[in-house]
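Structure, as structure tokens:
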Amino acid sequence: MRVNPGRSGVAIDAGGYTVHVGAGLRDDLAPLIAETAPAHHYAVITDANISARYAEPLVAALARFGRTSLHVIPGGESFKTRESWSRLTDELLDAGGTRDTTVVALGGGVVGDLAGFVAATYMRGVPVVQVPTTLLAMIDASVGGKTGVDTQAGKNLVGAFHAPAAVVADVDVLSTLPPAHRRAGLAEAIKHGVIADADYLTTIESQLDALQRAESGATLPLVARSVEIKADVARADPLERGRRRILNFGHTLGHAIEHVSGFSLLHGECVAIGMVLEARLAERLGIAEAGVAERIEDTLIRAKLPTSRPAHMDVDAIVASTRRDKKARAGAVEYALPTRIGEMTEQGGRWSVPVDEETVRAILA
Ligand SMILES: NC(=O)c1ccc[n+]([C@@H]2O[C@H](COP(=O)([O-])OP(=O)(O)OC[C@H]3O[C@@H](n4cnc5c(N)ncnc54)[C@H](O)[C@@H]3O)[C@@H](O)[C@H]2O)c1
Ligand SMILES: [Zn+2]
């Protein structure tokens, strides 16, 4: 649901917090943070790739509202670890952070997940304002309250649910985001169309060129609609006991491929491959109508995203990795699968189905 269209964008009620989406919100950022999560100390956590351009001006602007500190991690998934969590919490303690600290997560999904987890655990929990700077973080990672870090055994295996005090997404910052990362974010938007809104998928298809150029006119409505879809699903099922599982479409195989690639492929690229494979799985099981996988594949190809397993990647390793997935219950690994574009399968309140390894292997072969 959208409320009070702001000066330069929209504000979306995500259930307990607001997601502000706009173009050129940067000047409004510090007052918005101070208003929604007032504190004596604002700890801005960011990564080295964006610190100078975006974090330093924000820290300077926040200084009007309280004490500030800036905490910079190197960029990249390999730093979303307990070691970074440990270093950051120590830095916050050294900076004199108390319970009266607001954490500001300024960056992509890596910073959002890590800084969110720092906020969830620091002094048993302090507020976090998510300021996503990648398309993926704007439409996905910053909304819904999941935070955490990776371990050797797999992604996101240690974490906490910690809803943000607010999310502020300024689509203008996407102008500096490398094109491969823009496309990776588009994969998640395409997922939102597949799982919940066929018309939205059609709109995305018609705007792919403008979206890849990160034009604000096309990007702002995309971020807003994706946030609505994600927030609606997450609000109704915050702890992922039921329908929230549909957001995992493409992710069971996607995460496995990402893991086996040693994170050399981007998350969104792996989700793109995972969506095509899982849609084929759904067709083979008679869950999806014929043509769903092909439609998804067509769109992804036009968005210049990969759609098949890298030829050299070992099928056994992918299958083994799916067993580590949190979505694996006792026995068979579970998949959230589409019935048609815009609709996911549901049986007796269950939004994921167990699939035997033989069938998964056949699809991967
Ligand atoms: N919590 C959730 O619900 C959720 C959902 C989806 C994904 N995630 C997580 O998000 C992470 C992926 O996030 P991501 O794709 O944003 O990756 P990322 O955070 O690694 O950012 C991608 C790269 O872009 C750089 N960057 C960020 N903003 C920029 C900008 N405006 N201009 C130039 N460069 C910029 C970063 O430094 C980094 O090098 C994964 O760890 C994934 O597990 C979490
Ligand atoms: Zn994802």
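The number in my numbering is simply the position in the sequence shown, starting from 1, with 654 added. From the three backbone atoms N, C-alpha and C, an ideal C-beta is built for every residue, glycine too.
Report the rounded CA-to-CA distance for residue i versus residue j, giving the unit in angstroms.
i	j	result
tryptophan 739	arginine 938	42 angstroms
serine 975	alanine 936	20 angstroms
arginine 753	leucine 716	18 angstroms
glycine 940	isoleucine 927	20 angstroms
valine 657	valine 1009	The pLDDT assigned to valine 657 is 45, lower than 50, so where the model puts this residue is not dependable; a value taken from the coordinates is nonetheless given after this. Cα to Cα, valine 657 sits roughly 41 angstroms from valine 1009.
asparagine 810	glutamate 1011	23 angstroms
proline 685	valine 822	11 angstroms
isoleucine 727	alanine 702	6 angstroms
methionine 998	histidine 913	25 angstroms
aspartate 824	proline 832	16 angstroms
arginine 736	leucine 768	9 angstroms
alanine 759	valine 783	6 angstroms
aspartate 891	alanine 814	15 angstroms
aspartate 804	glutamate 943	36 angstroms
valine 765	tyrosine 696	16 angstroms
serine 962	glycine 720	50 angstroms
proline 711	glycine 729	19 angstroms
methionine 655	isoleucine 1017	Caution is warranted here: a pLDDT of 43 is assigned to methionine 655, below 50, making its placement in the model unreliable, and the coordinate value is therefore given only provisionally. Distance between the alpha carbons of methionine 655 and isoleucine 1017: 38 angstroms.
glycine 660	threonine 672	Reliability of the predicted coordinates at glycine 660 is poor, the pLDDT of 47 falling under 50, and the value obtained from them is presented with this limitation in mind. Approximately 12 angstroms, taken between the alpha carbons.
isoleucine 844	glutamate 859	9 angstroms
aspartate 826	glycine 922	21 angstroms
glycine 904	tryptophan 1005	14 angstroms
glycine 750	threonine 722	10 angstroms
tyrosine 708	methionine 967	38 angstroms
For the beta strand (DSSP E) containing residue i, list its first residue and its last residue.
i	result
leucine 724	721 to 727
proline 992	992 to 994
glutamate 988	987 to 989
valine 797	Premise fails: valine 797 is in no beta strand (DSSP E) and is neither H nor E.
alanine 695	Here the sequence assigns histidine to residue 695, which means alanine is not the residue at that position. Counting along the chain, the beta strand (DSSP E) containing histidine 695 begins and ends at 695 to 701.
glutamine 784	782 to 786
In this structure, what does DSSP give as the bridge partners for residue i?
i	result
threonine 830	Paired residue(s): none; threonine 830 is not in a bridge.
arginine 1004	Gln1001
alanine 814	Thr801
leucine 760	Val785
alanine 820	Thr672 and Val783
With a threshold of 7 angstroms between beta-carbons, can residue i be considered close to chain C, or not?
i	result
leucine 959	The chain labelled as chain C is not found in the depicted structure, where only one protein chain is given.
What is the residue span of the alpha helix (DSSP H) that residue i lies within?
i	result
tyrosine 854	852 to 860
alanine 974	969 to 977
isoleucine 1017	1011 to 1018
What are the uninterrupted segments assigned as alpha helix (DSSP H) that are 4 or more residues long and contained completely in the region 885 to 966, given in chain order?
Residue ranges of uninterrupted alpha helix (DSSP H) with 4 or more members, entirely inside the region 885 to 966 and ordered along the chain, are 905 to 914, 921 to 938 and 946 to 956.
Can you tell me which residues fall inside 6 angstroms of ligand 2, judged by beta-carbon distance to its nearest heavy atom, and keep chain order?
This selection yields Asp794, Glu842, His905, His921 and Val925.
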